[in-house]
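Numbering (the working numbering), first residue to last: 1317 to 1865. The C-beta atom is built at its ideal place from N, Cα and C for all residues, glycine as well. Presented below is the structure to which this report refers.
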Ligand code: G1P
Ligand code: ZN
């Protein structure tokens, strides 16, 4: 039979593609690097060769709208057609948040998804771009899959791409490229429907429109359209509730990371102003969240504990939690709640992918990380807007302020004073040598005194997955003291400039102790003594961290 369609082109790759970090669920680099000839294409080729089920499979595709999103969608659609996929589902303007992508993968029984984002990194021609691969469960691709993708990139000689015109993504519709169908859907709708199943929108609506004004900052990134439809649409909040609500290619120059440094305007509104009772922000691709009350910042580790302690108030979780999980550097605040609820609490390495097995095997319902990430079994990614709705539902049921809720929580469970200090863009060499020197000191610390307490454990964290038994080692240096205080040091796996050293500090004060201290003061002795032990300021030449959370 003579095919009427043109055959896919085979493009020869002249130099091999070498720089994806093995074990990471995607590729995150500068936009400029992604513009190098055949760079994006090489990574996509490896994904399409390795992802199981591409022949006749369905793939979900979209991104956070940053510079490079549109071009990448065009390239991926044509390469997917050349690799024999049956269908790619993408969205109007290519806008798709990470949690919404996870939901679509699951509901459409897709083989996986490709999410275009560098998460909370800045965007634009001088910012970063990224390609993330998710598997058929809707979560970040497993370590073994990403390692196989990495190995494949090392020996690529050519890639396949279909010669076809760009498809306009302006409206919903169906198109074809060769034998493959391209369906453009509204990327927001399914997500809102999912939220309506989990939360009681009427109760939240009544509450926020009575005397609880809220504000949300989308930081000119992907959550704008979702938040407008949720807050200003379904929940009836006044227009203007959503700030920076249109996704821009360079995020309007903002750094879409919802923390006190990068979401400063919002933080000022809540911490120094009186207009709003509640404020929240999400990151570039919509999976992170920051929660603020009037005069009150909620530490993300505490946020996870509060969600767990109050989950019975939320319709989607009223039947109880199967268990909870947190990443190792996240404070133990949720552990105390899990103890009281008599449910298991798992401690995993940093990164959302480690929660996947626990969620898939129904061992946990809620999970979270200190890095402004909380989520549940409703998808397989952390979910920023879901966390905001969860908080609003709790507030609506309890009819109190965020600050009061935090006080009630601490006076019941005690308080885990917690802070993360980031030292960004230091040289790789300095960072590795600091880390290795500290690691070599750990064995002699056990049984000794540190910051006035006995060291009960000093090691490099090793995780054995309770579901598949796989072992992930060297996940961060930790020093645990006999009063439950902890110090953790690890190197970031997501930075794109030099190395980022993260220092995590935690100190527990029981319910009848002093619950009203400034966290930096409460942690000051630990801060001083870890600096002396790890020689952070002398080795980095930095007197203070770049970001303090
Ligand atoms: C950071 C966070 C981590 C999160 C990841 C992806 O990774 O610390 O919790 O899972 O971003 O959002 P890191 O740069 O520390 O390796
Ligand atoms: Zn993100």
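Item: Are there 16 or more other CB atoms within 10 angstroms of the CB of residue 1573, so buried, or fewer, so exposed?; Value: buried
Item: Sorry if obvious, but does the Cβ on residue 1604 come closer than 8 angstroms to a heavy atom of the ligand ZN?; Value: yes
Item: Mind checking residue 1783: buried by the 16 CB within 10 Å criterion, or exposed?; Value: exposed
Item: Tell me whether residue 1822 sits in a helix, a strand or coil according to DSSP, three-state version.; Value: strand
Item: Is residue 1728 buried or exposed, if buried means 16 or more other CB atoms sit within 10 Å of its CB?; Value: exposed
Item: The alpha helix (DSSP H) with residue 1854 in it runs from where to where?; Value: 1852 to 1856
Item: Report the CB separation of residue 1619 from residue 1822 in whole angstroms; it is logged as a contact under 8 angstroms.; Value: No, residue 1619 and residue 1822 are not in contact; Cβ-Cβ is about 15 angstroms, not under 8 angstroms.
Item: Within a Cβ cutoff of 6 angstroms, which residues of the same chain sit near residue 1710, ignoring the five residues on either side of it in sequence?; Value: 1626 and 1629
Item: Cβ atoms of residue 1687 and residue 1643: under 9 angstroms apart, would you say?; Value: yes
Item: If you draw a straight line from the alpha carbon of residue 1320 to that of residue 1409, how long is it in whole angstroms?; Value: Note that residue 1320 scores 47 on pLDDT, short of 50, meaning its location in the model is unreliable; the coordinates nonetheless yield the value given after this. So the two alpha carbons sit approximately 30 angstroms from each other.
Item: Does residue 1473 come out as helix, strand or coil in the three-state DSSP assignment?; Value: coil
Item: Hey, is residue 1730's beta-carbon within less than 9 angstroms of any beta-carbon in chain B?; Value: The chain labelled as chain B is not found in the depicted structure, where only one protein chain is given.
Item: May I ask you to report which of helix, strand or coil DSSP gives residue 1578?; Value: coil
Item: Using a threshold of 9 angstroms, state whether the C-beta atoms of residue 1489 and residue 1413 are closer than that.; Value: no
Item: Measuring CB to CB, does residue 1419 end up less than 9 angstroms from residue 1507?; Value: yes
Item: Pick helix, strand or coil for residue 1348, following the three-state DSSP scheme.; Value: helix
Item: On a Cα-Cα basis, can you pick out the residue from 1421, 1813, 1755 and 1536 that is closest to residue 1694?; Value: 1421
Item: Straight-line CA distance for residue 1883 to residue 1599?; Value: Coverage of the chain is limited to positions 1317 through 1865, which leaves residue 1883 absent and any answer about it impossible.
Item: Does the contact criterion of 3 or more C-beta pairs under 8 angstroms hold for the region 1715 to 1729 versus the region 1837 to 1845?; Value: no
Item: State the Cα-Cα distance for the pair residue 1348 and residue 1389, rounded to the nearest angstrom.; Value: 17 angstroms
Item: If I'm right that residue 1567 touches residue 1557 with Cβ under 8 angstroms, what's the distance once you round it to whole angstroms?; Value: With a Cβ gap of about 19 angstroms, residue 1567 and residue 1557 do not count as contacting.
Item: Who are the Cβ neighbours of residue 1862 in its own chain at under 7 angstroms, not counting the five residues just before and after it?; Value: 1738, 1739 and 1740
Item: May I ask you to check if the CB of residue 1600 is nearer than 8 angstroms to at least one heavy atom of the ligand ZN?; Value: yes
Item: Determine the DSSP secondary structure at residue 1738, reduced to helix, strand or coil.; Value: strand
Item: Among the candidates 1459, 1452 and 1382, whose CA atom is the shortest distance from the CA of residue 1446?; Value: 1382
Item: How many angstroms separate the CA atom of residue 1791 from the CA atom of residue 1774?; Value: 13 angstroms
Item: Return yes when at least one heavy atom of the ligand G1P lies under 8 angstroms from the C-beta of residue 1685, else no.; Value: yes
Item: Please report the distance separating the alpha-carbon of residue 1284 from that of residue 1758.; Value: Coverage of the chain is limited to positions 1317 through 1865, which leaves residue 1284 absent and any answer about it impossible.
Item: Can you tell me whether residue 1834 is buried or exposed, with buried defined as 16 or more other CB within 10 angstroms of its CB?; Value: exposed
Item: Could you tell me the boundaries of the beta strand (DSSP E) in which residue 1673 lies?; Value: Here residue 1673 belongs to no beta strand (DSSP E); instead the alpha helix (DSSP H) covers 1669 to 1676.
Item: May I ask whether a heavy atom of the ligand G1P can be found less than 8 angstroms away from the beta carbon of residue 1436?; Value: yes
Item: Cutting at 7 angstroms between CB atoms, please list the residues of its own chain near residue 1398, excluding the five before and the five after it.; Value: 1324, 1476, 1477 and 1478
Item: Could you name the residues that DSSP lists as bridge partners for residue 1683?; Value: 1641 and 1691
Item: Might you give, ordered along the chain, the residues of its own chain that have their beta carbon closer than 6 angstroms to the beta carbon of residue 1571, omitting 5 neighbours on each side?; Value: 1438 and 1578
Item: Flag this pair as touching only if the region 1523 to 1538 and the region 1584 to 1597 have three or more C-beta atom pairs under 8 angstroms; answer yes or no.; Value: yes
Item: So what does DSSP say about residue 1605, is it helix, strand or coil?; Value: strand
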